[in-house]
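Here the protein sequences line up with chains U and F, keeping their order. Each residue of the first sequence is one higher than the last, beginning at 7 in the working numbering. Each residue of the second sequence is one higher than the last, beginning at 7 in the working numbering. For glycine and all other residues, C-beta sits at the position ideal for the given N, C-alpha and C. Accompanying notes for the structure given below.
2 protein chains.
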Amino acid sequence: MADNLKFPVITIGREYCAYGRTIARILSERLDIPYFDKDFVKKTVIESGFSEDEVNSEGESISSLSLFIENFLNGTAAYNSYDDIFEAQKHVIVNLAKEPCIIVGRCADFVLKEAGIPSLDVFLYAETDFKLKRAAELHPGNDTAHLKKIMKKQDELRRIYYKHYTGHDSYDFSNYDLCLNTGIIGVEKCADIIEDIVRGTR
Amino acid sequence: MADNLKFPVITIGREYCAYGRTIARILSERLDIPYFDKDFVKKTVIESGFSEDEVNSEGESISSLSLFIENFLNGTAAYNSYDDIFEAQKHVIVNLAKEPCIIVGRCADFVLKEAGIPSLDVFLYAETDFKLKRAAELHPGNDTAHLKKIMKKQDELRRIYYKHYTGHDSYDFSNYDLCLNTGIIGVEKCADIIEDIVRGTR
Chain U
7 MADNLKFPVI
17 TIGREYCAYG
27 RTIARILSER
37 LDIPYFDKDF
47 VKKTVIESGF
57 SEDEVNSEGE
67 SISSLSLFIE
77 NFLNGTAAYN
87 SYDDIFEAQK
97 HVIVNLAKEP
107 CIIVGRCADF
117 VLKEAGIPSL
127 DVFLYAETDF
137 KLKRAAELHP
147 GNDTAHLKKI
157 MKKQDELRRI
167 YYKHYTGHDS
177 YDFSNYDLCL
187 NTGIIGVEKC
197 ADIIEDIVRG
207 TR
Chain F
7 MADNLKFPVI
17 TIGREYCAYG
27 RTIARILSER
37 LDIPYFDKDF
47 VKKTVIESGF
57 SEDEVNSEGE
67 SISSLSLFIE
77 NFLNGTAAYN
87 SYDDIFEAQK
97 HVIVNLAKEP
107 CIIVGRCADF
117 VLKEAGIPSL
127 DVFLYAETDF
137 KLKRAAELHP
147 GNDTAHLKKI
157 MKKQDELRRI
167 YYKHYTGHDS
177 YDFSNYDLCL
187 NTGIIGVEKC
197 ADIIEDIVRG
207 TR
């Protein structure tokens, strides 16, 4: 199935709780290609020699906003280790993209562009009210106000991470080939749209 | 055909030469609803009592960048007349949106949001190389370097205009429900995607 895809490599950037992972999973099943999310971070660990704890704590949030900004301004050792982790992740992303696949997050769109590897770059987002349902599933027992805070912080951290490593604003659509509001369009319909473009048919 | 549309009102923001008007025309034919571009500015003239020359020169570029910035900073009479024209255009846009239609440009997405009128808000863009073909059709006899300058200036003027009247960056996808790179996805395919969403079928 994956042999005749117009875009064999798909990157998905997303807001927290905008169903990016769900859409990646649907596409993975329909197109019969793997998707990589948090799991592939472990591959980075193996390649880079970092401890699993170090890489997991870096994620896309770089531990905590204040720590990140502090390190950003002072260029401390901790900051440098994040850079090393990012470099190791770049190698993993470029290696993954040698085969058809879907890569969620980790500035994969930028990494592949820089490496000259073609990809269909997607960004998924939604209004807060729509994302609250997913947030409640992921963080049971929290009230709406707290869920909103969690989402806001996650999105801020991702945006800072993207800005730091790519030099671009992750909310500027010109980084991507298509940006879809999953709440307005619908999760299944978003998957349909991306699938159609990736197959290059219809 | 227009009776059962999930999104009877569509707004299209676009980069210069990204085929926004072409896609509006295709959608207009397929969905059997009118689209409004430069033509509806003339309605504004009638409603607002401005001369046709005044309104045509305002367009979305506000005459010239330097004039606009100067007026923006000094709040001169000329600047106020642009505000009055914008206000008049708002009334026209809100009136047009009482019936199913497509509105291209003029911050229609923002105007309708402010008025509480639901719409599907689309932004269309593309890489410079793709847009050059359209630019050459619109401005025959110019070399590539000059066409690039024309496009860049048009986009800058539109971006400033949008920022001034909406307070938002027109390149931030969260203003819209979907943003499509017409060069990567293809003009016809973009029309397919929008049509599918607007009909709410499939």
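Taking the Cα positions, A141/U is about 19 Å away from I18/U.
A check of alpha carbon separations from A121/F across T134/F, L102/F and D135/F identifies L102/F as the nearest.
Per the DSSP secondary-structure output, V15/U pairs in a beta bridge with C107/U. Cβ-Cβ distances below 6 Å link V117/U to K96 and I99 in the same chain, with the five nearest sequence neighbours on each side left out; the list follows chain order.
Within the region 91-169 of chain F, the runs of beta strand (DSSP E) that reach at least 3 residues and sit entirely inside it are, in chain order, 107-110 and 126-131. At a cut-off of 8 Å between C-beta atoms, F136/F does not count as an interface residue with respect to chain U. Close CB contacts of T150/F within its chain, under the 8 Å cut and outside five residues either way in sequence, are with L138 (chain order).
Just so you know, the alpha carbons of F42/F and G173/U end up roughly 37 Å apart. Using a 10 angstroms sphere on the CB of E143/U, the tally of other CB atoms stays under 16, which defines it as exposed. Scanning chain U for C-beta atoms nearer than 9 Å to the C-beta of K158/F yields nothing, as the closest lies near 13 Å away. Collapsing the DSSP output to three states places Y182/F in coil. With contacts defined by Cβ atoms closer than 8 Å, L184/U and L163/F do not form a contacting pair. Listed by position along chain U, the residues whose Cβ is nearer than 7 Å to that of I191/F are D183, L184 and I203.
Judged by DSSP in its simplified three-state form, Y41/U adopts strand. At a cut-off of 8 Å between beta carbons, I32/U makes no contact with chain F.
For N187/F, the pairing in a beta bridge is given by DSSP as Y131/F.
Contact check between the region 187-204 of chain U and the region 151-162 of chain F: fewer than three CB pairs, one atom from each, fall below 8 Å, which does not count as touching. Here A132/U has A24, N187, T188 and G189 as same chain residues with Cβ atoms under 6 Å from its own Cβ, once five neighbours each way along the sequence are excluded.
Residues of chain F whose Cβ lies closer than 7 Å to the Cβ of N187/U are, in chain order, D183 and L184. Close to chain F, meaning a Cβ-Cβ distance shorter than 8 Å, are the following residues of the region 119-132 of chain U: L126, F129 and Y131. With fewer than 16 other Cβ atoms from the protein chains shown falling within 10 Å of its own Cβ, G55/U counts as exposed. Here the alpha carbon of I39/F sits roughly 57 Å from the alpha carbon of E58/U.
At a cut-off of 8 Å between beta-carbon atoms, K169/U makes no contact with chain F. If you ignore the 5 residues before and after S125/U, its C-beta comes within less than 6 Å of the C-beta of V15, T17 and L118, all in its own chain and listed in chain order. Within chain U, not a single residue places a beta-carbon under 8 Å from that of F92/F; the smallest gap is close to 24 Å. For F116/F, the nearest beta carbon of chain U is not closer than 8 Å to its own beta carbon.
By the neighbour-count definition (other C-beta atoms within 10 Å, threshold 16), N10/F is an exposed residue. For A197/U, the enclosing alpha helix (DSSP H) stretches over residues V193 to R205.
The beta carbon of H145/U is closer than 7 Å to those of L153 and I156 in its chain, skipping five residues each way along the sequence.
Annotation: Cβ neighbours of Y177/F in chain U (cutoff 9 Å, chain order): D175, Y177, D178, F179 and S180.
With a cutoff of 8 Å on beta-carbon distance, D178/F and D178/U are scored as near each other. Just so you know, the alpha carbons of V193/F and K12/U end up roughly 16 Å apart. Neighbourhood of I199/U in chain F, by CB distance below 7 Å: I199, in chain order. Within 7 Å of the CB of K96/F, no CB atom of chain U is found; the nearest one sits about 23 Å away. The Cβ of K154/F sits no closer than 8 Å to any Cβ of chain U.
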